[in-house]
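Participant:
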Amino acid sequence: MTANFNPPIKDHQMALISHQFFPVGIYNQVELGRHQGEVVMKPRRRRKKNKGEGGSSGLRLKKRKLNQDQVNLLELNFGNEHKLESERKDRLASELGLDPRQVAVWFQNRRARWKSKKLEEEYSKLKAEHEATIVHKCRLETEVLKLKEQLSEAEKENQRLLEVIRCDGVSINSPMSSSLSMEAMRPPFLGEFGMQGLENIFCVPENSYINGMEWVNLI
DNA sequence: ACGGCGAATCCGTTACATCA
DNA sequence: GTGATGTAACGGATTCGCCG
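Residue numbers (numbering that gives the first Met the number 0): 0 to 218.
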């Protein structure tokens, strides 16, 4: 930021300077209204926050929209650089027939709009990422459920085989059976934690509604 | 080093213009 | 006529660089 060390220019002085640089009639932006059929131009004054300014005088600030050419040139300049140096501001103001203050205000408001739009875009992007992550999480949870079922089936089969071996009276001393008998003495794998333990893996919150997504169907 | 000053900028708000 | 929306303009606060 480069400071300009010209003496401070108050608003009313700005209006006077403006009229020095630009012929009368160019400025329609500070028109305050009409009085007896004539356009009344007044130096802009700082507005009070309370409403009803000029109410009793009958003069009301008339805000004029910038015309399309002015906006186009401003947009073009904003596209090149969002910051507005003093020199560029004056040059633009001269080209557009506007008060430099108006150019500064336009850039200020334009930056605000740009920032707001950026934030909106960022929000949409994060929202999409969040939803994709939730879908991924649900898929993983479903996969865990399937694996859990497979494990349970395997455990059942294991138990069944051990029963068969026990009924057939296979010798404990036989090398083939020793490992099996050890297995039989060992509690089942799942038994260590129980099925309750596995249930804790699934941390699906109570309120797990996800923006109307029927995630089960997606899998 | 420090405070004062002026300029630029940001943020929130107000007021006006336009449109459905 | 009216509410919603867009935007020009404002006011206050903050930041930055220079100067005495």
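Even glycine gets a Cβ: it sits at the ideal position worked out from N, Cα and C.
Note the first and the last residue of the continuous alpha helix (DSSP H) segment covering L65.
Facilitator: Note, L65: premise wrong, no alpha helix (DSSP H); not H, not E.
Participant: Report the rounded CA-to-CA distance for R109 versus E130, giving the unit in angstroms.
Facilitator: 32 Å
Participant: For A127, count the other beta carbons within 10 Å of its own beta carbon; 16 or more makes it buried, fewer makes it exposed. Which is it?
Facilitator: exposed
Participant: Between N71 and the rest of its own chain, which residues show a CB-CB distance below 8 Å, the 5 nearest in sequence each way excluded?
Facilitator: none
Participant: Please state the DSSP three-state secondary structure of R96.
Facilitator: Reading off the sequence, residue 96 comes out as Gly, not Arg. Assigned with DSSP and collapsed to three states, G96 falls in coil, not helix or strand.
Participant: If you check the beta carbons only, do L95 and Q69 fall under 8 Å apart?
Facilitator: Yes, the Cβ-Cβ distance between L95 and Q69 is below 8 Å.
Participant: Among K82, V163, A92, L91, which residue has its Cα nearest to the Cα of Q107?
Facilitator: K82
Participant: Suppose you measure from the CA of W105 to the CA of V143; what does that come to, to the nearest Å?
Facilitator: 57 Å
Participant: Do A111 and V102 come within 8 Å of each other at the CB atom, strictly closer than that value?
Facilitator: In this structure, A111 does not lie closer than 8 Å to V102 by Cβ.
Participant: Roughly how many whole angstroms lie between the Cα atoms of L139 and K155?
Facilitator: 24 Å
Participant: Where does K82 fall in DSSP's three states?
Facilitator: coil
Participant: If we ignore side chains and look at the alpha-carbon of each, how far apart do R87 and L75 end up?
Facilitator: 13 Å
Participant: Among the residues of its own chain, which have a CB less than 6 Å from the CB of S123, if the five just before and after it don't count?
Facilitator: none
Participant: For D167 and T141, I'd like the C-alpha separation in whole angstroms.
Facilitator: 39 Å
Participant: Buried or exposed: which applies to D89, given that a residue is buried once 16 or more other Cβ atoms fall within 10 Å of its Cβ?
Facilitator: exposed
Participant: Would you kindly work out how many angstroms separate the C-alpha atoms of R165 and Q158, rounded to a whole number?
Facilitator: 11 Å
Participant: On the CB-based measure, 16 or more other CB atoms within 10 Å of its CB, does L118 come out buried or exposed?
Facilitator: exposed
Participant: Whole angstroms are fine: how far does the CA of V134 sit from the CA of L125?
Facilitator: 14 Å
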